[in-house]
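Just so it is clear: in the sequence shown, position 147 is 222 by this note's numbering, and no numbers are missing.
The beta-carbon is built from N, C-alpha and C at its ideal position, and this holds for glycine as well.
To start, the structure itself, in structure tokens.
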Amino acid sequence: MPSTLVRRATPSCDRTNPHGECRQNCNSIRQNDTKDGSDLLCMVRAHVVRPVVHGPCACRQTCCTWSVRMSSDLLYMVQTKDLGGEEVKRVYCPFNGRFNFIYNVNDGSESTTECPDPVSELDNCPSGSALNLRFRRCSFENRDVTFQCLGQWAGPGDQQYLALRDTRPGMDRFPPYRCALYREESGTGNVFMAFSSDSTCSSNLRSATAGYETFSLSVMPAARWPSQVDGSNCRFPQWAHGYWQHMYIEGNTLTYKDHSTFKTFTIRCLGPDVGVGERFPVFARTQCGEEMYTCVWLKRRGVNVLEFQLGLQSSTYYNTTLCSDRNFKPKIWITQGRLERLQESPCPLAGEYTGIIPDATNLCARLSSDCKSPEIMYYMVSDCSQSEIYEEREYRCLGQWEEDGLMYTYTQRRDVGTYECFVGFIISNNEIHIKEAGDHCQRNIDPMHYGMKLTRKGTCFGNQPNAGTNAGTGAFPQPRPTTPWMTSRHPPEPTKPWKPITGK
């Protein structure tokens, strides 16, 4: 593993931290400002940070409850650059497709609805990371507004908060960032959404149906599937059914959110290809209505891991050659971890291994397993001479497989929930070479020459395996967050209401 594994070294909670005191992770990144014990920062998704004001001990041991969070103004800050100065990754908006909507401004100036007829439209075309609103037949002139989605987090009850950036130029009259509450109606897909009156998440925002600006979104009817698709008896294999990282498979339908193009594909199976049980000719439709015939190749890598490819070429008509070998060269796999694990998958290594990080020879690494929970793997980076800990991570192994003499292991970070792949070459029971292989188990990586050599130093931690033991009870303490801390600040005074989207 190269030094990229310590690109976010963090202070130890056992030592004095000038930025404050470390607290329980709770699947977010939080820190209490010890100067006055009042502010708490919670990192949400990729680049939304929420400071919440409350007493100094309210969240010392457990995650804040909504009764605590909602007792004060809820604010958020937005990260626009990462540590290297690069633009942060785009994120998917929580709902996609095409909607009609009714829009109303509740500023107390009048009682009429600004856009009473459901002819205004909202979609996320061509990118699923943005919401495009087209106001039509309203009490003001027609206008188009695009919001970039920044992240979402749990709200009260079955509602969710959503942070947005208004992309219109010249934002003198509008807040550049908006906070909304939304609720998706089960069964119909219709959405209720309300905005606050400024960039906070509290000003005139009470629920998904009660806010400064409210939207009632109705799903637009989708086009009918071609008769060849509707008449097919094809079904995807039973082992692949269920929820995965970015996809869901059930019966004859596969839904995939492509996080590189931000297109959402709804894919219907047409039938198995002759002689190749893993490849399926399919008909695909995007959230924007684009349609194509192509082929899907599903590969089972373990009970909790699959890889798949979409054919390089697509067609406007059904073509039996879409599933041929030449349509999958080169082989570029997309790796997916199962969200609802059917059973645990033990890690391929058992014991304690140590080594030196290749391009940072002053840093030592330790990789170890837990006898009680063989699916858990611990990774620690420390100073070789002073034993100061820079990084601790905890992984859950989802599955592994051998390919071309190399062992690929797909894992999930238990502290932040991200997925990572490692490729290894096992010399013997006492020596292995491993290297990161990205999010999708990248091939053509040579762990022997560019990876880290690890030597076995002992057996696994804990007692002998116990089938009744719950996962996560390893000998190591819970890992500390690995994203750099950010200094807490007092939230500003409540801001004045901005003009609504209409700009009236």
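P556 classed as buried or exposed, judged by whether at least 16 other C-beta atoms fall within 10 angstroms: Because P556 carries a pLDDT of 32, less than 50, the predicted location of this residue cannot be relied on, and no value is offered for it.
Which first and last residues belong to the beta strand (DSSP E) in which P421 is found? From DSSP, P421 is part of no beta strand (DSSP E); its letter is neither H nor E.
Output needed for R488: all residues of its chain with C-beta closer than 7 angstroms, excluding positions within five of it in sequence on either side, in chain order. R468, Y470 and E495
Determine, using beta carbons only, whether Y428 and L442 come nearer to each other than 7 angstroms. yes
The alpha helix (DSSP H) enclosing M305, as first and last residue numbers: One detail in the question is off: residue 305 reads as Asp in this sequence, not Met. Note, D305: alpha helix (DSSP H), S302 to D305.
In the DSSP output, which residue or residues are listed as bridge partners for E467? M455
If you draw a straight line from the alpha carbon of T221 to that of G183, how long is it in whole angstroms? 26 angstroms
Taking its Cβ as the centre, do 16 or more other Cβ atoms sit within 10 Å of A229, making it buried, or is it exposed? exposed
Buried versus exposed, by CB contacts within 10 Å (16 or more), T275: buried
Run through DSSP, which three-state label would Q313 get? helix
So, F589 versus V266, is the Cβ gap smaller than 7 angstroms? Nothing about residue 589 can be reported from this structure: the residues present for the chain run from 76 to 579 only.
Under 8 angstroms: do the stretch 334-345 and the stretch 307-315 share three or more Cβ pairs, one atom per stretch? yes
Measure how close the beta-carbons of I324 and H334 come, nearest whole angstrom, since I'm counting them as under 8 angstroms. Rounded, the Cβ-Cβ distance is 17 angstroms, inconsistent with contact.
Just the Cα atoms here: how many angstroms apart are R173 and R258? 16 angstroms
Out of curiosity, what's the CA-to-CA distance linking S176 and T188? The identity of residue 176 in the sequence shown is Phe, whereas the question assumes Ser. So the two alpha carbons sit approximately 12 angstroms from each other.
T395 by DSSP, collapsed to three states: which one? helix
At 3 residues or longer, and completely inside the stretch 461-525: list those beta strand (DSSP E) runs for me, N to C. 464-478, 481-488, 494-503 and 506-511
On the criterion of 16 or more Cβ atoms from any shown chain inside 10 Å, does G513 qualify as buried, or is it exposed? exposed
Within 10 angstroms of its Cβ, does Q418 collect 16 or more other Cβ (buried), or is it exposed? exposed
With burial defined as no fewer than 16 other Cβ atoms inside 10 Å of the residue's Cβ, what is the status of Y236: buried or exposed? buried
Spatial neighbours of G430 within its chain, please: C-beta separation below 6 angstroms, excluding the five flanking residues on both sides. A440, M527, K528 and L529
Candidates I407, E365, W476 and I509: which alpha carbon is nearest T391's? E365
I need the straight-line Cα distance from N179 to D445, nearest angstrom please. 56 angstroms
Just to confirm before moving on: does the CB-CB distance between C398 and C370 stay below 7 angstroms? yes
Element boundaries [beta strand (DSSP E), containing M295]: Premise fails: M295 is in no beta strand (DSSP E) and is neither H nor E.
Could you check the C-alpha separation between A297 and K374 for me, to the nearest Å? 30 angstroms
From M523 to F500, what distance separates their C-alpha atoms? 7 angstroms
Through-space distance from E288 to N181, alpha-carbon basis: 6 angstroms
With a threshold of 8 angstroms on Cβ separation, who are the neighbours of N62 within its own chain once the five nearest residues in sequence on each side are excluded? Because residue 62 is not part of the residues shown, which for the chain are 76 to 579, the question remains open.
Need the endpoints of the beta strand (DSSP E) that L208 sits in, please. A205 to F210
Mapping the DSSP letters down to three states, classify N181 as helix, strand or coil. coil
Other residues of its chain near L387: CB distance less than 8 angstroms, five sequence neighbours each side excluded: N402, F403 and K404
Quick check on DSSP: helix, strand or coil for R343? strand
Cα-Cα separation between G203 and F337, rounded to whole angstroms: 5 angstroms
Close-in-space but distant-in-sequence residues of the same chain around R243 (CB under 6 angstroms, 5 per side omitted): none
Figure out for me which residue from R518, E511 and M367 has the closest Cα to the Cα of E478. R518
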